[in-house]
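Number of protein chains: 2
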Amino acid sequence: MLQKRIDDQPTISRQMVREAQDILHRHLKDVGLKHTAQRDTILRTFLETRDHLSTDELHRLVQKKDARIGYTTVYRTLKLLSECGLASEVAFHDGIARFEHQYNRRSHHHMVCTECGSSVEFFSQEVGDLEQEIGRKYHYLTTRHTFQIYGVCEECRGKSAS
Amino acid sequence: MLQKRIDDQPTISRQMVREAQDILHRHLKDVGLKHTAQRDTILRTFLETRDHLSTDELHRLVQKKDARIGYTTVYRTLKLLSECGLASEVAFHDGIARFEHQYNRRSHHHMVCTECGSSVEFFSQEVGDLEQEIGRKYHYLTTRHTFQIYGVCEECRGKSAS
DNA sequence: GTTGCCGTTGAAAATGAATTTCATTTTCAA
DNA sequence: TTGAAAATGAAATTCATTTTCAACGGCAAC
């Protein structure tokens, strides 16, 4: 099931793609890895979608551009992208790891419909503040948090009522 | 790795165990299943610990009481306990499903150390309020949420510094 | 008390996503 | 150009979870 995202930045500009590629290339150099056509293709494909993609879904999209790129490479590249902050994993609690790109986006959270899998993104400063506050209180050096709301969307409630 | 929990209710009384058993028995009756010694043993073992147990860990504890109880039965009973609200799953994002008992506990969240896996529980009214607020705003009928903070605890920071 | 039904049990097998292996190919610095 | 190091991708493996199935057990009807 494809996880849609509702967003305040509908498309990604050529400029952004270039900047993201620079970030990846710098990261590759930093950790002594090489620059390959596959990695660029995967990054570009990843940036072009607004959805929350599983490795498998991204692999399928990538294959439309270059059918010779394998699942494993997509899997490994997603890890690389996560390392350099271009991607981040969102766990929707359905047993599949999903990724969304983090390029030029403000911090947000998800509300997921448990019937159809669609999701709404929302923004709340308070949640980030809470991370800081709780970390200070218990002497943790916090790095990140996850916050998801689960429920049933309006459309699905309509269906089940009929 | 055993996930410790820090709590405001250190032990569970005989009274609570009895009440929890009643809840399970009623649920079994409701869905047309039977009351068995295994299921009672598993429930009792589950209630006796304050930790966040994986199926495997609970199975090991159960085996100390009755070595003939199999993994599958523990797995299935945890599902039953979840159905009737006695257990709930907490995803610590390490690929293993963990459960904690929900009997007579107030709503709480977790902060997990990514080094040693220990966790702190904390309480925040605001998070629940936020669930309501966001649900109303986007017309979702919300059922639950997850909120976890990840970081490094004081002890682990000490270790890595030395 | 016996019978038959139906749910339970638990070992083993299946599943499926994530990860690793390994032979081959590609990259890149010298 | 060249060779060492990394990348690639198909296949195999891992590992938690879930399902299957044959044997078992309690209980109600006879």
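Chains D and X, in that order, are what the protein sequence lines are. Start counting at 1 in the first sequence, then tack on 12, and there's your number in my numbering. Start counting at 1 in the second sequence, then tack on 12, and there's your number in my numbering. Cβ atoms here follow ideal geometry from the backbone N, Cα and C, with glycine treated the same way.
- Interface with chain X (9 Å Cβ-Cβ cutoff): S136(D) is included.
- Annotation: the region 102-158 of chain X contains the following complete segments of the alpha helix (DSSP H) (minimum length 4 residues), in chain order: 137-150.
- Listed in chain order, the non-local C-beta contacts of C168(D) below 7 Å within the same chain comprise C125, E127 and C128, local neighbours out to five positions each way being set aside.
- In the displayed model, H47(D) falls within coil according to three-state DSSP, outside both helix and strand.
- Rounded to whole angstroms, the gap between the alpha carbons of T61(D) and E143(X) is 28 Å.
- Taking CB atoms only, E112(D) has no neighbour in chain X less than 9 Å away.
- In the three-state DSSP reduction, S100(D) falls in the strand class (E or B).
- The C-beta distance from G140(X) to S119(X) rounds to 6 Å, short enough to fall under 8 Å.
- If you look at H39(X), you'll find it in the alpha helix (DSSP H) that goes R26 to D42.
- As computed with DSSP, Y162(X) is found in a beta bridge with R156(D) and V124(X).
- In this structure T53(D) touches D78(D) by the C-beta definition: roughly 6 Å separates them, less than 8 Å.
- Rounded to the nearest whole angstrom, the CA to CA distance from F104(D) to V164(X) is 24 Å.
- In this structure, the beta-carbon distance from L93(D) to L36(D) falls below 9 Å.
- In the DSSP secondary-structure assignment, L65(D) is bridged to F111(D).
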